[in-house]
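The block underneath contains the structure these notes are about, expressed in structure tokens.
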Amino acid sequence: METTSRMAITVEAVVNASIEKVWASWTEPKHITKWNQASDDWHCPKAANDLKTGGKFSATMAAKDGSMSFDFEGTYTNVKSPERLEYKMPDERKVLVVFSKNGNQTKVVETFDPETENPIEMQRQGWQAILDNFKKYTESLS
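Just so we're aligned, residue 30 is where the sequence shown starts under my numbering, counting upward by one.
Next comes the structure, spelled out in structure tokens:
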């Protein structure tokens with residue numbers, strides 16, 4: 030994947046779960062709504078995912094106090110289950126997510142083009158916090 034910026038940001042986590050469980054947790058709306066927030070005062074009340082190249086996804090991210098919400102959305106440019114997702118956001122920024130099996134663990138590496146409104150480190154911390162929530166949620170599944 031080519032990113033549109035030389036300053037692409039990468040976050041990663043090693044999840045103590047099979048690649049199949051990690052893929053399902055990452056892609057199924059019933060799971061996305063359980064982990065897709067950066068802090069405890071936010072939540073993801075709804076998600077939709079048409080998991081195919083050319084398909085669209087959307088996840089509503091909202092402050093629990095109702096003060097703010099937005100839809101995080103994009104269009105898949107490459108879907109290779111259960112190893113790779115590439116998508117483009119409405120502002121043309123690109124994201125690559127790679128899932129690598131390592132025994133009973135799965136490494137998730139997410140690389141994204143930053144936006145221009147917020148500092149790079151703030152964006153890295155936000156995306157890492159969401160990935161950390163994903164790891165915690167997925168590892169809690171039986």
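For each residue, glycine too, the CB sits at the ideal point set by N, CA and C. What you are looking at is a predicted structure, and each value in this text was computed from that prediction instead of being measured.
Quiz item: Since Tyr105 and Lys81 are thought to touch, with beta carbons under 8 Å apart, how far apart are those beta carbons, to the nearest angstrom?
Solution: Here the question's residue 105 lines up with position 76 in the sequence shown. Here the question's residue 81 lines up with position 52 in the sequence shown. Confirmed, Cβ separation roughly 7 Å.
Self-check item: Rounded straight-line distance, which links the Cα of Lys164 to that of Ala175
Solution: Only positions 30 to 171 of the chain appear in the structure, and residue 175 is not among them; the question remains open.
Practice problem: Could you name the residues that DSSP lists as bridge partners for Ala37? | Solution: Here residue 37 refers to the residue found at position 8 of the sequence shown. According to DSSP, which records beta bridges pairwise, Ala37 is partnered with nothing at all.
Quiz item: In terms of residues, what are the limits of the beta strand (DSSP E) holding Lys50?
Solution: To locate residue 50, count along the sequence shown from 1; it is residue 21. Not the beta strand (DSSP E): Lys50 falls in the alpha helix (DSSP H), residues Ile48 to Thr56.
Quiz item: For Val43 versus Phe128, is the C-beta spacing smaller than 8 Å?
Solution: Working through the sequence shown from its first residue, we reach residue 43 at position 14. Working through the sequence shown from its first residue, we reach residue 128 at position 99. Cβ distance not < 8 Å, so Val43 and Phe128 don't count as in contact.
Exercise. Measure the alpha-carbon distance for Leu160 versus Lys136 and round it to whole angstroms.
Key: Taking the sequence shown and counting its residues from 1, one reaches residue 160 at position 131. Taking the sequence shown and counting its residues from 1, one reaches residue 136 at position 107. If you take the alpha carbons of Leu160 and Lys136, they lie about 11 Å apart.
Practice problem: Tell me where the alpha helix (DSSP H) around Asp161 begins and ends. | Solution: Taking the first residue of the sequence shown as position 1, residue 161 is located at position 132. Run containing Asp161: Ile149 to Ser169, per the alpha helix (DSSP H) assignment.
Quiz item: Smallest Cα separation from Gly132: which of Glu41, Ile38 and Asn45?
Solution: Counting from 1 along the sequence shown, the entry for residue 132 is found at position 103. Checked all of Glu41, Ile38 and Asn45; the closest Cα to Gly132 is Asn45.
Self-check item: Of the residues Met118, Pro74 and Ser47, the one placed nearest Ser171, counting alpha carbons only
Solution: Here the question's residue 171 lines up with position 142 in the sequence shown. Cα-wise, what sits closest to Ser171 is Ser47.
Quiz item: Shortest alpha-carbon distance to Trp71 belongs to which of Lys130, Thr39 and Asp94?
Solution: Residue numbering aside, residue 71 sits at position 42 when the sequence shown is read from its first letter. Checked all of Lys130, Thr39 and Asp94; the closest Cα to Trp71 is Asp94.
Quiz item: Do Thr140 and Ala76 come within 8 Å of each other at the CB atom, strictly closer than that value?
Solution: Locating residue 76 in the sequence shown gives position 47, counting from the first residue. Locating residue 140 in the sequence shown gives position 111, counting from the first residue. No, Cβ-Cβ distance for Ala76 and Thr140 is not below 8 Å.
Quiz item: In terms of residues, what are the limits of the beta strand (DSSP E) holding Ala67?
Solution: For this step, residue 67 is matched to residue 38 along the sequence shown. Looking at the DSSP string, Ala67 is not in any beta strand (DSSP E), and its letter there is neither H nor E.
Practice problem: Determine, using beta carbons only, whether Glu41 and Val138 come nearer to each other than 8 Å. | Solution: Within the sequence shown, the letter at position 12 stands for residue 41. Within the sequence shown, the letter at position 109 stands for residue 138. In this structure, Val138 lies closer than 8 Å to Glu41 by Cβ.
Practice problem: Quick one: residues in its chain with C-beta nearer than 6 Å to the C-beta of Val126, no 5 flanking neighbours on either side, listed in chain order? | Solution: Here residue 126 is taken as the residue at index 97 of the sequence shown, counted from 1. For Val126, where only same-chain residues beyond five positions count, the Cβ hits under 6 Å are Leu114 and Glu139.
Quiz item: So, helix, strand or coil for Lys123, using DSSP?
Solution: If you number the sequence shown from 1, residue 123 lands on position 94. If DSSP states are grouped into helix, strand and coil, Lys123 belongs with the strands.
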